Every structure is written in structure tokens, then in C-alpha cells.
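Residue numbers (this note's numbering), protein chains in the order written: chain A, 11 to 806; chain B, 8 to 189.
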């Protein structure tokens, strides 16, 4: 266990980093810096056509008629396709990742504003959009269900009449924990605090919207699909199932991806439309959605209405946590989560605390809103879980009159309790929480901040200090517990060492900006001693990489990172045997020192990995039973998730005259186990903290009572700019994962999970003089103003 | 209609629709795909290029309006094989992740340094406040711009000192600024 402050101010080039972990500049940067990245919209193929989608202007309506004749006659138009046409090919509906179905193009009804109704294929982008204007659709408008609280009322309009026997808007029920045991601890607790919390609907809004280029070759029957996907292999299999194309004739390519954050996990109707269009026209077809389409129709996040209850002794010992959740899943259950986990990993809502009992009951409903349900760097709903527990722990601290840091320190799971099985059945692999918390407090100058707060309050100034401590659960599978539509959550990796000692690594996961080409080269370099500069990392092309489930839920390093380390060890094992032949000693007499095998006791006799690579491919003899070549492939099935943790402290100032919240400081101490590239880790944390500021203070996908989306552009859906965020202060502790080959845990979503409660807790702390115990996100000036006047209201 | 403009020092003439946006002209007509498109409302700034040395959002400029003007894109930022200090700074300070906002950010940052060679953190944040990055949280972008500012100041000092035949400036062996964080 080491505890170090992180300051990343030193500069060096990559030649100084021959092997292994540590700060290393990114191998992928030069192409991006020169404008040579290759994103989906950069793909230009000869004869390529452009596709645009007509979307529903209303939230709920029966389609009476569609007239496409004028659109078909529009200049440059090659095809106009409706749901009725798709239905003839049995393609009007497709499965979602949660075993529901979703309309590719609406046939009977539209069920949310922005739903896909028809598409046009034309010779250029402009002509395709011109023709959309000419499609005449007659709608018989129906009452929509917008408020999830009313979805199950007996007279609520039925949304999913496409499902056999469906008579209400119920989606699923789910529970976890022990209801009776939890009731018992609540009955004997000195103190019980209850708080209603809303985690509003938000959207990942990556800077690159979703899109695809489909190129179907009718002669050889091969479909090539460039698409904005975080899971190319899983998508390929699903296309094979949906479209009936043989899987070996489908190549899914995720080129450079302009941010994902979960938004690019699902299969969207637009991808399927592009495939259909290419098959119909015999030409390559590009579909790129615009920003409004991205915001109104693709995977949203959150939308949980929660009641949190916490029971404790008078001296601050937490006994139990109980919660009741109403989940809004939109018009189709498009949640991208392992199928046995309809609520994702929300079950970790007991947080970082050693408690006696816990229970959650959840009801999910359909509403006339866009489908989705897991996105925006949430680690499969852990954002919601951590927000719940960290908010109600603060409410408890307020009730008890205890300092929120002290209350957390008093209830942490202790290091000797790991592996720790929570009351909802999760097995935390490792953790050492108190040093992480203490480091954050030291970096923040916590006691000094509290003194400053007292002085400011005396002057009528509003300053708040917010704490959040989180435990994440990342790196899904194991495959026996976790699958997506039957595909087990494991990941492959292949390593080939070429004759000259250079290597290529092929990953089943792919990058949306996380820097895989650097990190994975470092992982392999550490194991096999070839410099990262000599290791090419390939990813994002199903024809050229081994099968795996993809990059989301912070799973690249926990799953594929393990695969990369293990495949390199496999190659090293073979290299050792070849080295023993070259040096004419037994393998037991060889010592490994990054990149070189030496004869024990005779260090002058040695061969390098490059020598061995040449021998492996050369004409010389190899030890008996050893094939030529130096390569291996594995599929890694994780034995458990990894459980990173972190302590976040936020300092805010609230303007008493305008209710504007200013995040003055943010201290983030993360523990993600073994650290491969600290520069990249810091970048991941910074991005997540900024997401947190967005969600806590400004971002929300709101709807009016008719179901019109009020966050349909970046003028309405506010994302933090450089002016809303501070210079982040980061630190770290290291508690390796005991089951991961290199001890690493994921970090991609830690900050998105941990920062919203820290910020909200800080704002509520600032508003204490007004007697405020809670106000829901987003804490915009008007909402904070209302809270200051005792009129806090939920955002939905 | 016909439009003629200079893009990255090369004069180009093309027949275009009058309504064609500059961003689509650059990307789809000229194949300069380093300039990106990210929103419909000129909020995101992934499309920023220069017109006559000033950053503009090319999704809000008609290609026809650029006729007769000098346009510079990210492809015209480096001098041959040598990256501009702004590009070097973004690499050194991890100022990019997915790379989608990066061209626009760098064009704005370069223009900032051209008129203010020593900007404060606040001045940098104000300069890029019309652009959105979803990955980095901006702090490393600010550091990247400061890195470039310091690198250029040190390079200028070295030129001066070399001219005056005085002792070496504060440049380390790798030619990198020894200190660059504001």
C-alpha cells in the first residue's frame, strides 16, 4: 500500500520509457493532432449515398398514413423506406440489449418524440434532408405517459400494445437484499432518516454523434459496417441474428470514436437503416445523426426516482439502508446491462460501509420517452447507487449533528474484512478506505476549510464543503453471471511477435479516447520486455481482432488488460523454452529480466526477446515439440469484478444574490489498484469530474407535459465549458486487486460515479443556514434559489 | 455557383451549391476531415477554423462567404514534419483523449497565443469557452496551451541569446520547456 500525492508536471519523450508502467505520451496522439484521425463521418467510399431519418414530432400517436411520393420525386433521391416496407422483410422490429424489442421504423404507433418513422437515401446530405420535408405523415395523436409516477395508474394510456397481452406500462420489478432483516434493524435503530431523491434523465452527448457507413457487396455477400460502436463484436453477432446475414460475412469496424460514455453501446435503428439501405441500393450508405437526433433518440442515462432510508445508532453507527426506486425506462427497454441485472449494478447501494442489513425494491415502467437506460459513464447504474448512499449518509450526518467525514470514517469496511461480502451479495475484492479518505482531507485542508466556512457564515457568505466516498464495481463478467443476450462477458487478446522482435497486439475492446494503443502496449511491454514503441495495438475491427464484449462499464483494463498481460506471459513462457535451447540450459536455470533471459549464475550468457523472436521464425533448431512462431491468443474470463474506490471533496461558493453555484475546488483521490499510465488515469478522472459538474449543476433532459423534449440541442442541454470547472486536484492510493493478473482495476467511470454526490453535498452544506437538507439535481440558480426559500421541488 | 478561396496556402476553386456550409465544403468537397462537426447550433466548436487568421465556427459560415478569404484548418497548423508548439503542448500535457474537439481547440489556442503570447489560465479558459470537450475536463487543455506559451517564450529567448552569443537559455537537453504549468 503506497500513498503518494500526484503531481504530473514532468515532461519527457517516450524514448525514456523503454518498458513498463509509468507516464508515457500517447501513441495515438500524432494522427489526432494533425487532423488525421479517422472517424465514421470521415469515411468516404466511391458512389456513397447519404441517409437521413424522418422522426416523429409527437410523443405518442397512431400512424394513420404515410405518403412518400413527393419525397421519392425529389432531386437526387434514390430510395424512401417506411416501416411498412421493412415489415415486409421482417425487419421493422429489432431486439434490444435487454430482451425487449424496439421499432427500427414505426409501423403501428410512434412512442416517443424523435422516434424513427421513415428514411430517405439520396446522393448527398442536403438532398436527403430536403426530401424528408416532403414526406407526409398523418398522426392520430394519443395521450402520452410522461410522469413515471403515473405510468401504472389504471387509466394510463397503454404504450406497448405491440406486446402480446400487455395491459399496462409495467416494465419489470426487481429486488435485492433481505427485507425482513432490514425491517428489523430499522425497528430497533435510534435514528431513521428518510429522503426522496431524483436522479434526473441526462445524456452522454459525446462530441461525435452516432452514425454508420454500410457497404454491402452483393457479389460476395459481405457487409462492411463502419459504426460508432463501443462493442463491435457484440454488434456483429446481433446483426447476424437481426438481419439473418451469416456472421462471417459481417465486418464491423469501429474506427476512431469521438467519445462514447455508454452512448455507443446500443444498436440504434439508424445503423440498421443504413445496412438495409446499402442492401437495397447496392451502394455504400452513410448515416450521421445531427445533434438534436442524438439528444432526443439515443441512449439516455439515469431517470431514477428514489426514496432512501438509513438507520443508525445515536452515536453514528450505520445499521441499515433501504431504498425504493421507480425507474423510467422510456418507450422500449433498451438498457445495456448484463441480462441478469435489469437494474445494472445498483445493488452496490450499500456503498463503502459495513452495515447489518439492506434492501432495495425497484419498479420499472414504460413512458413515452426515448429508450436507453444505461449510459453516461455510469458503471451500470452505480452512479445512481453511489448518489443514493452518499446523499443519505450526509442527511444522517445532518440529523446526528456529526461531521460527514467523521461519520464515514466511523462506518467504513475495514481493510482486514476484504474480500467483503455486502448485504446485497457483492464480493468487494480489496480496499483500504481510511488512508484514501485521510489523503483527500489532507489535500483539501479539511479542518481549515471548516474554519473558513464558520467565518464566512458569520459574514453571511455561503460556502459549502461536500464529501463523497465511493466504491465502484467494474470489469464485467464473470461470464457465468454476466452476459448480454447470451454472449458471456469475457474478452480475448492475441499477441504476435514478428521475426525482428516487433509485436502486434489485437484487442477485443476498443478505444473511444481512453488511449488503448498506449496503455495496452505498456501492459504487454511490462510482461515481455519489448518497448511499447515497438508494439502495435489493433482494435475495433471484427475481422482482425478476437471476440469480446467491448469497452463500457470501465471494463477494458479489468478484463482486456488482464487478457493482454496473460497472453504476453503465455508468449514469454514459450520464449523461455526457446531460450533454453539457444543457451543449452534447462528452463529452470533461466532468469527473466525485462526483455532478456540470463543463465542463473552466469549472467554473461543471455538472449533477448528479439533474439528469441528471430530464432522462433528462423531456420535453426527449436527445442523438441516446440512449433515455430512466437504468438498466442487467450480469452480472459474474470473471476470477479474489480472494486476501485475513491474519496472526493468539493468546495463550492453560492452567490446569495443570484444563487449561482461556483465549484471553487475539487479534490479527487482515486484508488484503481495498479496504475499503468498515470497521465491517462488522471485524464479519465478529470473528464468524469467534469461530467459530475454537468449533472449536478446543469444537465437535464426534461420534457413538457406533451412529451416534447426540452433538451434537444446544446443551447438547451447545458454541458460544462472551461469556465464552469476548476483546476482539478488529484491524488491516489494503490490497493491492488488480488485476482487481477497485474492488480489493476478500472477507472474510466470512477469520477462520474463519485463526483455528483460530492457537489450536491457541498451545495446543500452551503445552504445549511437556510435549513435545507436536500435539493435535487440539477442545481441551477433557479432551483437553488427555490431551495433557499424553502421551496425546493423535484425536477420531475 | 463558383467559389474561390485559399485553404492552407493553396488556392482552390469549386462549383458549389450556394447553401453549402464551409464545414461541409472543407470536409466533403476538399476532403479535409480534420475539421469536425458536432452540433446544429454553433455551441460545440469542433468546427473551428480560421478565416483571415480569426477563429470562426465553420458550421455557421457559408462556403460562399469564404470566397476570396484565407482559410486555415488543423491540417495547415504544422510546418511540414514539425508540429506547432500548440500541437506539441497538447501531446505533452494530455490535452486530448478522443481527439474530436482537438482540432477546433488547437485552432482557437493558436490564435490566442498569436495575439497574447503569455495568457493566464483565466484568459485561456475564456478563449476556449465557446468550445466543448467531453473527455478532458479542460485542465489539461489549459496546461497544454501554457506549455506552448512557455515553449515559444523559451525558444524566442534562445534565439535572442544565440544572436547575442550569450550563454544557453533555460532549455533542457530535449529542447523542452523545463517548467510549463501556470
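Glycine included, each C-beta is placed from N, C-alpha and C at the ideal position.
Note that the coordinates shown come from a computational prediction; the quantities given were computed from them, not determined experimentally.
Cut-off 7 Å between Cβ atoms - residues of its own chain near residue i, not counting five sequence neighbours on either side
i	result
residue 182 (chain B)	For residue 182 (chain B), the predicted structure reports a pLDDT of 36, less than 50, and the residue's modelled location is therefore unreliable. The matter cannot be settled from this model.
residue 74 (chain B)	10, 11 and 12
residue 378 (chain A)	69, 70, 121, 122, 154, 155, 156, 169, 341 and 717
residue 17 (chain A)	With a pLDDT of 36 at residue 17 (chain A), under the threshold of 50, the predicted position of this residue should be treated as unreliable, though the coordinate-derived value follows. Same-chain partners within the cutoff: there are none.
residue 292 (chain A)	228
residue 792 (chain A)	none
residue 536 (chain A)	29, 30 and 31
residue 545 (chain A)	513, 515, 531, 534 and 535
residue 47 (chain A)	41 and 266
residue 288 (chain A)	224, 225, 226, 294 and 295
Nonlocal neighbours in the same chain, by C-beta distance under 6 Å from residue i, ignoring five residues either side
i	result
residue 95 (chain A)	none
residue 527 (chain A)	37, 38 and 547
residue 754 (chain A)	567, 571, 683 and 684
residue 174 (chain B)	Unreliable positioning characterises residue 174 (chain B) in this predicted model, as indicated by a pLDDT of 43, which lies under 50. A coordinate reading is not provided.
residue 670 (chain A)	791
residue 21 (chain A)	In this prediction, residue 21 (chain A) scores a pLDDT of 45, lower than 50, which makes its location untrustworthy; the coordinate-derived value is nonetheless stated afterwards. For residue 21 (chain A), where only same-chain residues beyond five positions count, there are no Cβ hits under 6 Å.
residue 139 (chain A)	62
Chain-order list of residues whose beta-carbon lies under 8 Å from that of residue i (same chain, five-residue window excluded)
i	result
residue 616 (chain A)	593, 606, 607, 608 and 609
residue 212 (chain A)	310, 311, 312, 386, 704, 705, 709, 710 and 711
residue 256 (chain A)	231 and 250
residue 600 (chain A)	586, 589, 590, 593, 607, 608, 609 and 610
residue 509 (chain A)	623, 624, 626, 627 and 628
residue 388 (chain A)	272, 311, 312, 354, 394, 759, 762 and 763
residue 409 (chain A)	201 and 203
residue 441 (chain A)	362, 423, 425, 428, 430, 481, 653, 655, 681 and 745
Cβ distance (whole Å) where residue i is taken to contact residue j below 8 Å
i	j	result
residue 428 (chain A)	residue 439 (chain A)	7 Å
residue 317 (chain A)	residue 206 (chain A)	5 Å
residue 330 (chain A)	residue 365 (chain A)	6 Å
residue 108 (chain A)	residue 48 (chain B)	Between residue 48 (chain B) and residue 108 (chain A) the Cβ distance is about 32 Å, and since that is not below 8 Å, they are no contact.
residue 659 (chain A)	residue 451 (chain A)	7 Å
residue 75 (chain A)	residue 124 (chain A)	The pair is not a contact, with the Cβ atoms about 20 Å apart (cut-off 8 Å).
residue 666 (chain A)	residue 789 (chain A)	In fact, because the Cβ distance is near 15 Å, the residues do not count as touching under 8 Å.
residue 370 (chain A)	residue 356 (chain A)	7 Å
residue 145 (chain A)	residue 90 (chain A)	7 Å
Which residues DSSP lists as bridging residue i, in chain order
i	result
residue 363 (chain A)	A:422
residue 438 (chain A)	A:430
residue 130 (chain A)	A:62 and A:90
residue 658 (chain A)	A:478 and A:678
residue 49 (chain A)	A:266
residue 58 (chain B)	B:61 and B:78
residue 502 (chain A)	A:645
residue 719 (chain A)	A:713
residue 516 (chain A)	A:504 and A:548
residue 69 (chain B)	B:28
Note to self: Quick check for students: name the residue ranges of the alpha helix (DSSP H) that lie wholly in the segment 207-257 of chain A, counting only runs of 4 or more.
What the structure shows: Runs found: 242-253.
Notebook entry, point to check: Can you list, in chain order, the stretches of the alpha helix (DSSP H) that have 4 or more residues and sit fully within the segment 80-110 of chain B?
Noted result: For secondary structure counted as the alpha helix (DSSP H) over 4 or more consecutive residues, the segment 80-110 of chain B holds these complete runs in sequence order: 92-99.
Next item on the list: Could you name the residues of the segment 247-275 of chain A whose beta carbon sits closer than 9 Å to any beta carbon of chain B, in the order they occur along the chain?
Entry: If the cut-off is 9 Å between Cβ atoms, the segment 247-275 of chain A has 266, 267, 268, 269, 270 and 271 near chain B.
Next item on the list: Go through the segment 120-149 of chain B residue by residue and report every complete run of the alpha helix (DSSP H) that reaches 4 residues or more, in order.
Entry: Taken in chain order, the unbroken stretches of alpha helix (DSSP H) that lie wholly in the segment 120-149 of chain B and span 4 residues or more are 128-134.
Note to self: Which runs of the alpha helix (DSSP H) at least 4 residues long sit entirely within the segment 102-189 of chain A? Give them in chain order.
What the structure shows: Whole alpha helix (DSSP H) segments, 4+ residues: 135-142.
Next item on the list: Could I get the ranges of all uninterrupted alpha helix (DSSP H) runs contained in the segment 276-360 of chain A, with 4 residues as the minimum, in chain order?
Entry: Runs of the alpha helix (DSSP H) inside the segment 276-360 of chain A: 279-291 and 301-307.
Notebook entry, point to check: When Cβ atoms are compared, which residues of the segment 108-123 of chain B fall closer than 9 Å to chain A?
Noted result: Of all residues in the segment 108-123 of chain B, only 108, 109, 110 and 113 come within less than 9 Å of chain A when Cβ atoms are compared, listed by chain position.
Item checked: Selection of the segment 125-157 of chain A by Cβ proximity to chain B, strictly under 9 Å -> Residues 134, 135 and 136.
Check: Can you give, in chain order, each stretch of the beta strand (DSSP E) that sits fully within the segment 519-577 of chain A and has at least 3 residues?
Finding: Whole beta strand (DSSP E) segments, 3+ residues: 545-548.
Item checked: Residues within the segment 721-744 of chain A neighbouring chain B, beta-carbon criterion of under 7 Å -> Correct list: 723, 724, 725, 729, 731, 732, 733, 735, 737 and 738.
Next item on the list: Select from the segment 33-51 of chain B all residues with a C-beta closer than 8 Å to any C-beta belonging to chain A, and list them in chain order.
Entry: Closer than 8 Å at the C-beta level to chain A, one finds these residues of the segment 33-51 of chain B: 34, 35, 38, 39, 40, 41, 42, 43, 44, 45, 46, 47, 48, 50 and 51.
Next item on the list: Go through the segment 361-415 of chain A residue by residue and report every complete run of the beta strand (DSSP E) that reaches 3 residues or more, in order.
Entry: As for any beta strand (DSSP E) of minimum length 3 sitting wholly inside the segment 361-415 of chain A, the runs are 367-375, ordered along the chain.
Notebook entry, point to check: Taking any Cβ of chain A, which residues in the segment 136-148 of chain B have a Cβ under 8 Å from it, in chain order?
Noted result: Going along the segment 136-148 of chain B in chain order, one finds 136, 137, 138, 139, 140, 141, 142, 143, 144, 145, 146, 147 and 148 with a Cβ nearer than 8 Å to chain A.
Next item on the list: Please name the residues in the segment 214-247 of chain A whose beta-carbon is closer than 9 Å to at least one beta-carbon of chain B, in chain order.
Entry: Flagged, chain order: 214, 215, 216, 217, 218 and 219.
Next item on the list: Mind checking the segment 659-689 of chain A against chain B and listing, in chain order, the residues whose C-beta falls within less than 8 Å of any C-beta there?
Entry: Answer set for the segment 659-689 of chain A: 689.
Next item on the list: Would you list, in chain order, the members of the segment 517-546 of chain A that have their beta-carbon closer than 9 Å to a beta-carbon of chain B?
Entry: Closer than 9 Å at the C-beta level to chain B, one finds these residues of the segment 517-546 of chain A: 521, 522, 523, 524 and 525.
Check: At a Cβ cut of 8 Å, what residues of the segment 85-102 of chain B count as close to chain A, listed as they run along the chain?
Finding: Contacts with chain A (Cβ-Cβ distance below 8 Å) from the segment 85-102 of chain B involve 85, 90, 94, 97, 98, 99 and 101, listed in chain order.
Next item on the list: Closer than 9 Å, Cβ to Cβ, to anything on chain B: give me those residues from the segment 628-662 of chain A, in chain order.
Entry: Among the residues of the segment 628-662 of chain A, none has a Cβ less than 9 Å away from any Cβ of chain B.
Notebook entry, point to check: Given a limit of 8 Å on CB to CB distance, which residues of the segment 302-332 of chain A reach chain B?
Noted result: Of all residues in the segment 302-332 of chain A, 302 have a Cβ within less than 8 Å of some Cβ in chain B.
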